[in-house]
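Residue numbers 8 to 267, in my numbering, belong to the letters of the sequence shown in order. Backbone N, C-alpha and C define an ideal beta-carbon position, used for all residues, glycine too. So the structure is just underneath, and the comments pick up after that.
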Amino acid sequence: MREKIRILYAGDSAASIGPQLVASPFNVETKGFKVSIWCQPVLDAFNSQPDMEVTHMPNWEAYERFPETSEELLQYDVVILSDIESEVLLLYPFERFFQVPLGANRLKTIKTFTENGGGLVMIGGWSSFTGRRGIGGYKGTPVEEALPVECLEINDDRVEAPEGVHVKVLQPEHPLLKGIPWDTCPMFTGYNRLKLKDGAELLAVVEETGDPFIATWEYGKGRTMAFASDIAPHWGAGFYRWEHYENFWVQAVRWLARRI
């Protein structure tokens, strides 16, 4: 067993360009460029733990650099996928489009990593699971096979809930949830609708609908988890500021890595 839990976090990032200013037909300028790392508080929480070390790959970096083989991926203990559509990992940059084959199927790599003892979690969002207008694209993939839930075979699996929905914990003594006062958890304003697989463990549901919210299972030698809502705004805007937010994710990673 390694001294530190090594985490690979892929996704939860965006770049914004602008504003665009049109002063005249001859004077059009774009002013400003900003990179947003929406999961930064969790990355900071992981790095603050003496037994954890995290590598973050924004989507554009994962497209180029995400490990291609299970041997490369096994340098990590836990892989976190959050708001990163399947095509980012399935395809490769343009300069490789003239190669045959392009490279390894990295969705299969993730599945093999989990079978061989790695921890895997998918966090919800517009580009997770099935996603907004199908952009997540994980239905029928090797990654879905490793998860404790099925992605829905529909165009859009989002449940937008501007009025807010609550989390109802079913197994408060599970090591992944234990010691966290979930009755104080803020509402979420949306989530991905998912279907629990036979044999998976349902830890929490959406109180208003009964839809799966947190699910886990053992896959091969590994552990996997699905978290149906977002780690960041907008769905997780309240959760993002909850005092137990960082503790929960630290605890979740320790469980996935079989340290608790």
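Is it the case that the Cβ atoms of residue i and residue j are separated by a distance below 8 Å?
i    : j    : result
T231 : W224 : yes
D84  : S135 : no
A69  : I117 : no
V49  : I238 : yes
P179 : A222 : no
T191 : D164 : no
L15  : T62  : yes
A168 : L88  : no
G144 : G229 : no
K7   : P149 : Since the first residue of the chain shown is 8 and the last is 267, residue 7 is not available in this structure.
G245 : P193 : yes
S20  : N66  : yes
E52  : F40  : First, the residue type needs correcting, since residue 52 is Ala and not Glu in the sequence shown. The answer is no: Cβ separation not under 8 Å.
W242 : F195 : yes
V172 : V213 : yes
Residue range of the beta strand (DSSP E) that residue i falls in?
i    : result
L184 : That residue, L184, is in no beta strand (DSSP E); it is neither H nor E in DSSP.
F40  : F40 to I44
If you reduce the DSSP assignment to three classes, tell me which class residue i lands in.
i    : result
W67  : helix
Q27  : strand
V107 : coil
A222 : strand
A207 : coil
E122 : helix
K115 : helix
G278 : As shown, the chain starts at 8 and ends at 267. That puts residue 278 outside it, with no answer to give.
E78  : helix
DSSP beta-bridge partners for residue i?
i    : result
V61  : I14
R165 : N199
I91  : DSSP lists no partner for I91.
V231 : According to the sequence displayed, residue 231 carries Thr and not Val. Per DSSP, L127 and W224.
E157 : K202
A21  : S43
K175 : V212
V86  : L15 and L127
Compare the C-beta of residue i with all C-beta atoms of chain D and state if any pair is closer than 8 Å.
i   : result
L88 : Of the protein chains in this structure there is only one, and it is not chain D.
Taking the alpha helix (DSSP H) that residue i belongs to, which residues open and close that run?
i    : result
M253 : Per the sequence shown, the amino acid found at residue 253 is Glu instead of Met. Y252 to L263 is the extent of the alpha helix (DSSP H) around E253.
N34  : First-last for N34: N34 to T37, but that is the beta strand (DSSP E), not the alpha helix (DSSP H).
E151 : P149 to A153
Should the region 55 to 64 be called in touch with the region 30 to 39, which here means at least 3 C-beta pairs below 8 Å?
no
The region 91 to 104 contacting the region 195 to 202, beta-carbon criterion three pairs below 8 Å:
no
Validate contact between the region 206 to 216 and the region 253 to 266 using beta carbons, cut 8 Å, 3 pairs:
no
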